[in-house]
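To start, the structure itself, in structure tokens.
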Amino acid sequence: MTSTTEPVGDFADLAATTLLRFATAGSVDDGKSTLVGRLLHDSKSVLTDQLEAVERVSASRGQDAPDLALLTDGLRAEREQGITIDVAYRYFATARRRFILADTPGHVQYTRNMVTGASTADLAVVLVDARNGVIEQTRRHAAVAALLRVPHVVLAVNKMDLVGYEESVFAKIAEEFTAYASDLGVPEITAIPISALAGDNVVEPSAHMDWYGGPTVLEHLETVPVSHDLTACPARFPVQYVIRPQTAEHPDYRGYAGQIASGVLRVGEAVTVLPSGRTSVIAGIDALGESVDIAWAPQSVTVRLADDIDISRGDLIAPSANPPATTQDVIATVCHVADQPLSVGARVLLKHTTRTVKAIVKEIPSRLTLDDLSQHPDPGQLVANDIGRVVVRTAEPLALDAYADSRRTGSFLLIDPSDGTTLAAGMAGESFASQARTTVQADEEGWDF
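Here the working numbering = 1-based position in the sequence shown + 13.
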């Protein structure tokens with residue numbers, strides 16, 4: 014297997030990735046943890062001692078069969094309550110692909126954790142209880158997946174065994190969810206009828222649903238086309254650390270260390286340092302202790318420039334031919350994840366890549382209503398789990414891409430400066446793929462920076 018630090022696309026002759034990052038989501042008791050446990054168990058990805066431990070706990074509860082949800086619900090409170098609270102990450106592999114799985118909570122109180130788990134996902138599996146159909150939390154998870162630009166969504170209609178494996182039940186839920194998610198701009202939706210408890214259509218095809226001719230969940234996960242070609246995007250290099258050893262061996266060495274967020278860097282390329290706008294040329298690139306002529310995302314490297322420029326942590330190095338725009342008025346969609354409300358006029362910290370700046374929430378133009386995707390204008394504040402549009406004024410310029418163009422350099426966090434609590438996860442620019450960009454005229458009066 015190849016490392017995900019190697020490129021694809023134009024560099025496919027050098028390496029190919031077989032890694033899929035995916036997240037599971039759904040309402041409470043829809044069976045997410047059971048689905049994950051079934052995936053791990055039936056794909057032979059569970060160690061013997063893990064399975065024996067689950068069997069012992071299940072037997073002590075009087076259960077006839079192992080409770081596969083225990084393979085992922087590791088917190089004591091999770092096992093006692095039978096719900097997922099924290100994001101559980103699992104790593105497993107089949108002969109066709111490697112997987113990083115984020116099993117996210119279903120309770121509305123922990124929707125913030127779903128944002129964390131899906132932020133880097135290539136695919137989201139949204140579970141629905143066949144008896145309940147599409148509910149508010151289902152719509153909320155679909156909206157979060159759409160906002161985070163997750164390119165593939167799987168609707169897993171679970172507990173089909175409890176509705177007699179009826180095709181009509183599945184078809185109705187699939188039609189409703191697909192229409193809703195399509196309105197959000199989700200590019201690809203695949204509906205699969207399953208029973209995580211019985212194992213129907215999870216790893217092995219179901220003998221009870223001969224009317225379904227599509228893939229099982231694992232087959233779809235193994236074959237869905239996923240591109241990790243960050244090299245196709247414009248180069249972005251957030252500076253994390255300045256290296257100046259000032260030793261007898263390296264008296265004049267000045268290097269800028271960090272991880273390439275996207276694109277390709279080449280020795281001899283003209284670059285611009287943002288937000289200052291100063292320009293230079295890449296004189297050298299050091300990777301793993303050796304000088305190289307080319308480096309690509311997501312490699313961690315040290316870049317040396319031909320000119321001595323005042324550069325520090327938080328600056329961004331980008332090609333002079335295609336730099337991001339800088340702004341102090343950030344227009345974005347945010348998922349509010351804190352218990353305390355986010356109000357107009359709130360003073361916050363905005364963390365973007367390696368840069369953290371002071372900021373003020375200037376406007377909250379709208380809050381999303383999940384039932385019909387309408388916008389509630391001027392709500393004044395956002396509370397936990399709300400999704401809304403904001404305008405944030407920063408004390409210093411930021412080199413910010415649109416989230417639609419780059420999930421790495423188009424995302425940011427709003428942080429409470431008093432205690433470091435994360436308040437909201439933000440996506441710069443247009444919200445949903447199917448909606449037009451919202452334009453907000455900024456009022457400069459009354460600002461002190």
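Note that beta-carbon positions come from the ideal geometry of N, C-alpha and C, so glycine has one too.
Since the structure is predicted, the reported quantities are computational estimates derived from the model, not experimental observations.
Exposure of residue i, with buried meaning 16 or more beta-carbon neighbours within 10 Å
{"i": "serine 444", "result": "buried"}
{"i": "glutamine 150", "result": "buried"}
{"i": "lysine 172", "result": "buried"}
{"i": "serine 195", "result": "exposed"}
{"i": "valine 404", "result": "buried"}
{"i": "asparagine 335", "result": "exposed"}
{"i": "tyrosine 225", "result": "buried"}
{"i": "leucine 33", "result": "buried"}
{"i": "alanine 159", "result": "buried"}
{"i": "glutamine 464", "result": "With the chain covering 14 to 462 only, the question about residue 464 has no answer from this structure."}
{"i": "leucine 355", "result": "buried"}
{"i": "proline 118", "result": "buried"}
{"i": "alanine 359", "result": "buried"}
{"i": "proline 40", "result": "In the sequence under discussion, the amino acid at residue 40 is serine, which differs from the proline named in the question. Label assigned to serine 40: buried."}
{"i": "histidine 389", "result": "exposed"}
{"i": "lysine 375", "result": "buried"}
{"i": "histidine 263", "result": "exposed"}
{"i": "aspartate 541", "result": "No information on residue 541 is available, as it lies outside the stretch 14 to 462 that the chain covers here."}
{"i": "alanine 345", "result": "buried"}
{"i": "proline 430", "result": "exposed"}
{"i": "alanine 261", "result": "exposed"}
{"i": "threonine 382", "result": "exposed"}
Span of the alpha helix (DSSP H), counted from its first residue to its last, around residue i
{"i": "valine 10", "result": "No information on residue 10 is available, as it lies outside the stretch 14 to 462 that the chain covers here."}
{"i": "alanine 194", "result": "180–197"}
{"i": "valine 157", "result": "149–160"}
{"i": "histidine 54", "result": "45–55"}
Among the options, the one whose alpha carbon lies nearest that of residue i
{"i": "aspartate 285", "options": "Ile330, Leu355 and Val167", "result": "This sequence places threonine at residue 285; aspartate is not what is there. Measuring from the Cα of threonine 285, the nearest candidate turns out to be Ile330."}
{"i": "isoleucine 256", "options": "Glu232, Ile298, Met222 and Ile207", "result": "Ile298"}
{"i": "arginine 326", "options": "Ala283, His349, Phe250 and Val350", "result": "Phe250"}
{"i": "valine 471", "options": "Ala351, Gln388 and Val41", "result": "Residue 471 lies beyond the residue range present for the chain, which begins at 14 and ends at 462; the question has no answer from this structure."}
{"i": "aspartate 223", "options": "Phe112, Val374 and Gly177", "result": "Gly177"}
{"i": "aspartate 323", "options": "Pro288, Trp309, Thr407 and Gln388", "result": "Pro288"}
{"i": "arginine 385", "options": "Leu197, Ser56 and Leu53", "result": "The sequence shown places aspartate at residue 385, rather than the arginine named in the question. With distances taken between Cα atoms, aspartate 385 lies closest to Leu197."}
{"i": "threonine 37", "options": "Thr31, Val157 and Ser56", "result": "Val157"}
{"i": "arginine 162", "options": "Ala108, Ala415, Glu179 and Ser304", "result": "Ala415"}
{"i": "proline 228", "options": "Ser431, Gly268, Ala204 and Ala245", "result": "Ala204"}
{"i": "alanine 441", "options": "Glu303, Thr434, Ala131 and Ser419", "result": "Ser419"}
{"i": "threonine 340", "options": "Ser58, Gly130, Ile377 and Gly290", "result": "Gly290"}
{"i": "arginine 421", "options": "Ala248, Asp320 and Ser387", "result": "Ala248"}
{"i": "leucine 243", "options": "Glu262, Ser275 and Gln259", "result": "Ser275"}
{"i": "leucine 426", "options": "Thr382, Val347 and Arg406", "result": "Val347"}
{"i": "tyrosine 269", "options": "Ala300, Val277 and Cys246", "result": "Ala300"}
{"i": "proline 164", "options": "Asp42, Leu136 and Ser181", "result": "Leu136"}
{"i": "alanine 438", "options": "Ala101, Arg111, Met127 and Asp43", "result": "Met127"}
{"i": "aspartate 399", "options": "Pro218, Arg152 and Thr434", "result": "Arg152"}
{"i": "serine 58", "options": "Arg103, Asp432, Leu175 and Ala211", "result": "Arg103"}
{"i": "arginine 110", "options": "Val141, Ala220, Ala338 and His233", "result": "His233"}
{"i": "threonine 292", "options": "Pro218, Ala211, Pro332 and Ala108", "result": "Pro332"}
{"i": "aspartate 342", "options": "Ala308, Thr407 and Thr369", "result": "Thr407"}
{"i": "lysine 45", "options": "Asp55, Ser56 and Ala101", "result": "Ala101"}
{"i": "glutamate 179", "options": "Ala209, Glu282, His221 and Asp265", "result": "His221"}
{"i": "aspartate 391", "options": "Val277, Val357 and Leu278", "result": "Val357"}
{"i": "arginine 279", "options": "Gly423, Asn214, Glu188 and Val294", "result": "Val294"}
Segment limits, beta strand (DSSP E) that includes residue i
{"i": "leucine 36", "result": "Note that residue 36 is alanine in the sequence shown here, rather than leucine. 32–39 is the span of the beta strand (DSSP E), which, as asked, contains alanine 36."}
{"i": "aspartate 142", "result": "136–142"}
{"i": "tyrosine 102", "result": "101–106"}
{"i": "cysteine 348", "result": "339–349"}
{"i": "cysteine 330", "result": "Checking the sequence, you will find isoleucine at residue 330 rather than cysteine. Segment 329–332, the beta strand (DSSP E) holding isoleucine 330."}
{"i": "valine 239", "result": "Segment: none, valine 239 is in no beta strand (DSSP E) and carries neither H nor E."}
{"i": "lysine 364", "result": "360–365"}
{"i": "leucine 168", "result": "165–171"}
Presumed contact (8 Å Cβ cut-off) between residue i and residue j, rounded CB distance
{"i": "leucine 52", "j": "valine 216", "result": "7 Å"}
{"i": "valine 230", "j": "isoleucine 207", "result": "6 Å"}
{"i": "isoleucine 428", "j": "lysine 364", "result": "6 Å"}
{"i": "glycine 401", "j": "serine 379", "result": "6 Å"}
{"i": "alanine 143", "j": "valine 170", "result": "5 Å"}
{"i": "leucine 140", "j": "leucine 48", "result": "6 Å"}
{"i": "phenylalanine 35", "j": "phenylalanine 112", "result": "7 Å"}
{"i": "threonine 107", "j": "serine 56", "result": "6 Å"}
{"i": "glutamine 253", "j": "threonine 367", "result": "5 Å"}
{"i": "valine 166", "j": "isoleucine 202", "result": "5 Å"}
{"i": "valine 361", "j": "leucine 436", "result": "6 Å"}
Give the list of continuous beta strand (DSSP E) stretches no shorter than 3 residues that lie fully inside the segment 276–314.
277–279, 283–287, 291–300, 303–305 and 307–309
Mind pulling the beta strand (DSSP E) runs of 3 or more residues that sit fully within the segment 379–438?
387–390, 400–412 and 424–428
Could you pull out every unbroken beta strand (DSSP E) segment of at least 3 residues lying fully inside the segment 252–276, listed in chain order?
254–256 and 268–272
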